[in-house]
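Engineer: Structure in structure tokens, see below.
In the working numbering, the protein residues as written are 844 to 924.
Written out as structure tokens, the structure reads:
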């Protein structure tokens, strides 16, 4: 079974980071929850992931839920991908 490893950095201080590992079958929601747990945050924090290319240009949004705003493309929902 493949394991995916991610290193997440605190935006204001790159010396603060966490390494998170999930199975390749887990969802973005489970990744989000693992990140929250690694920083000892509660589940009240919302988040959005974005696809990107090799130049880090922001692509399609992967969100907790669909928010009341305009999207270029419908967001993917974390619990579904």
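Even glycine gets a Cβ: it sits at the ideal position worked out from N, Cα and C.
Source: prediction; values computed, not measured.
#1: By the 10 Å Cβ neighbour count, where 16 or more other Cβ atoms means buried, how is residue 905 classified, buried or exposed?
#2: As a quick exercise: from 896, 907, 895 and 862, pick the residue whose alpha carbon is nearest that of residue 847.
#3: Can you check DSSP and say which residues form a bridge with residue 863?
#4: Using a 10 Å radius around the Cβ and a threshold of 16 neighbouring Cβ atoms, would you call residue 871 buried or exposed?
#5: Classify residue 879 as helix, strand or coil using the three-state DSSP reduction.
#6: How long is the line joining the alpha carbons of residue 885 and residue 879, rounded to whole angstroms?
#7: Among 882, 868 and 909, whose alpha-carbon lies nearest the alpha-carbon of residue 892?
Structural biologist: Reading it off the structure:
#1: As a first step, residue 905 must be located in the chain shown, where it is residue number 62. By the neighbour-count rule (16 or more Cβ atoms within 10 Å), residue 905 is buried.
#2: Looking up residue 847 in the chain shown gives position 4. Ranking the options by Cα distance to residue 847, first place goes to 862.
#3: Within the chain shown, residue 863 is the residue found at index 20, counting from 1. Bridge partners of residue 863: 849.
#4: Position 28 of the chain shown, counted from the start, is the residue given in the question as residue 871. With 16 or more other Cβ atoms within 10 Å, it is buried.
#5: Taking the chain shown and counting its residues from 1, the one referred to as residue 879 is at position 36. Residue 879 falls in the helix class under three-state DSSP.
#6: Locating residue 885 in the chain shown gives position 42, where the first residue counts as 1. Locating residue 879 in the chain shown gives position 36, where the first residue counts as 1. So the alpha carbons of these two residues sit roughly 7 Å apart.
#7: For the purposes of this step, residue 892 is taken as the residue at position 49 of the chain shown. Among 882, 868 and 909, the Cα nearest to that of residue 892 belongs to 909.
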